[in-house]
Amino acid sequence: MRILPLFATICILAASLFAIEMLSPRQLELTHGDKVEIGSIGVGQTIAISVKPEVSTGGKFGQGGVYDQLVIVSAPQGWKYKDSKLTSSPLQAEITAPADAQEGEYEITMRILDEENREELGYLDFTAKVLVKRDIMDMGVEPNQRVVSSGQPAKFTITISNKGDANDVFEVSSEGMQNWNFRKVIFLPARSSKTISYEIAGTEEERYEISITAVSKSSSLVRAKQDVTVIVHTNLISDYKAINDGVLFFPLFEAPIYSVAGLFANLFN
Numbered sequence: 079m080r081i082l083p084l085f086a087t088i089c090i091l092a093a094s095l096f097a098i099e100m101l102s103p104r105q106l107e108l109t110h111g112d113k114v115e116i117g118s119i120g121v122g123q124t125i126a127i128s129v130k131p132e133v134s135t136g137g138k139f140g141q142g143g144v145y146d147q148l149v150i151v152s153a154p155q156g157w158k159y160k161d162s163k164l165t166s167s168p169l170q171a172e173i174t175a176p177a178d179a180q181e182g183e184y185e186i187t188m189r190i191l192d193e194e195n196r197e198e199l200g201y202l203d204f205t206a207k208v209l210v211k212r213d214i215m216d217m218g219v220e221p222n223q224r225v226v227s228s229g230q231p232a233k234f235t236i237t238i239s240n241k242g243d244a245n246d247v248f249e250v251s252s253e254g255m256q257n258w259n260f261r262k263v264i265f266l267p268a269r270s271s272k273t274i275s276y277e278i279a280g281t282e283e284e285r286y287e288i289s290i291t292a293v294s295k296s297s298s299l300v301r302a303k304q305d306v307t308v309i310v311h312t313n314l315i316s317d318y319k320a321i322n323d324g325v326l327f328f329p330l331f332e333a334p335i336y337s338v339a340g341l342f343a344n345l346f347n
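For what it's worth, our numbering labels the leading residue of the sequence shown as 79, then goes sequentially.
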């Protein structure tokens, strides 16, 4: 009866003598019993942890070997997880926070194992610390107002930023101007940004208040919203005003004339 506990102890000691390389979301060396901060994610988001399975020391012949799997030993209640595939390289496991998770730091116990201890590498346990927060993305829309002539396009640029350590998919949409509402799905890797364009045009003189929203596909709690204004005019003075927004087209040789007209039109603001 003492052999099994003794054998387990030997495995643990063997594992603790050398380090295993974590590749993502952080690049660092892991030893048995480590607690490591792997980054921040939004509610409902999934973060992948990958490690290099090869080690150069320890094992049956003292020359290292290859670990077989990265598994989740324990996770907070309500969290989902997925162990790595056997004998893949790198070994990659995934953990997913609940869509309604409370903000805060959570701990997940993970294990890198040598299946059936065939290479006598033992196993390595470590704790991954994940920060869950809702302020995980930003959205900016430029400009916040466009003045255009009837039938001319009002163009906006929308920039979405993923501030977390998990890849995610966001749906960007608009509402407020009939027949010009749009919906676009974009993929954003961790710690990245993407800019898209949005154009609308009106034929009647009117002021349009438009709401642009970005929502994470992981959880509707991860979202951002910004309102913009489009003012459509149909008279000559407003056409000149629209020149200042760069939306009218005219021959190159007439550019100086229209530029002066645009400055003159500002006197009517």
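Here a beta-carbon is modelled for each residue, glycine too, at the ideal position from N, C-alpha and C.
Limits of the beta strand (DSSP E) - the one that residue i falls within
i    : result
P231 : 231–240
A175 : Neither: A175 is in no beta strand (DSSP E) and is coded neither H nor E.
S289 : 284–294
R224 : 223–227
I127 : 124–129
V114 : 112–119
T312 : No beta strand (DSSP E) contains T312, which DSSP labels as neither H nor E.
S271 : 270–279
G218 : 215–220
V300 : V300 -> no beta strand (DSSP E), and no H or E assigned at all.
F260 : Neither: F260 is in no beta strand (DSSP E) and is coded neither H nor E.
F248 : 246–253
Separation of residue j from residue i, as counted between CA atoms
i    : j    : result
Y286 : I309 : 6 Å
V325 : S228 : Because V325 carries a pLDDT of 45, less than 50, the predicted location of this residue cannot be relied on, and no value is offered for it.
L164 : Q147 : 5 Å
I274 : I236 : 5 Å
E284 : Q223 : 13 Å
S167 : Q105 : 16 Å
P103 : I116 : 6 Å
V144 : G120 : 33 Å
V129 : I190 : 9 Å
L299 : W258 : 26 Å
A177 : S296 : 7 Å
Q256 : Q304 : 18 Å
Neighbourhood of residue i by C-beta, 7 Å cutoff - its chain only, sequence neighbours within 5 removed
i    : result
K138 : E197, E198
F96  : V133, T135, G136
V306 : V219, N222, Q223, F234, I288, I290
V263 : V247, E249
I238 : M215, M217, F248, V250, I264, L266, S271, K272, A292
Closest by C-alpha distance to residue i, when choosing among the options
i    : options                : result
G254 : I264, A279, K241       : A279
A244 : R224, E277, V210       : V210
G122 : E193, Q180, P221, L106 : Q180
V219 : A302, S167, V208, I173 : A302
E99  : S118, G117, T312, I127 : I127
V149 : V114, D192, H311, V300 : D192
V225 : H110, H311, T109       : H311
E183 : V208, W157, N257, V300 : V208
T109 : Y201, G242, S294, D178 : Y201
W157 : A175, V114, A268       : A175
A268 : Q256, N257, N240       : N240
K113 : E185, D178, Q170, G142 : E185
P131 : L169, S118, S162       : L169
G111 : Q141, D203, S162, S118 : D203
Other residues of its chain near residue i: CB distance less than 6 Å, five sequence neighbours each side excluded
i    : result
E277 : P231, K233
F260 : S252
T187 : V151, S152, T205
T281 : S228, G229
Residues near residue i by beta carbon distance below 8 Å, same chain, minus five either side
i    : result
E172 : T124, I125, A126, I127, Y159, K160
F107 : Phe is not the amino acid found at residue 107; the sequence shown has Glu there. Cβ neighbours of E107 beyond the five flanking positions: A97, I98, E99, M100.
Beta strand (DSSP E) runs wholly inside the region 133–212, at least 3 long, in chain order:
147–152, 158–160, 169–174, 182–191, 201–210
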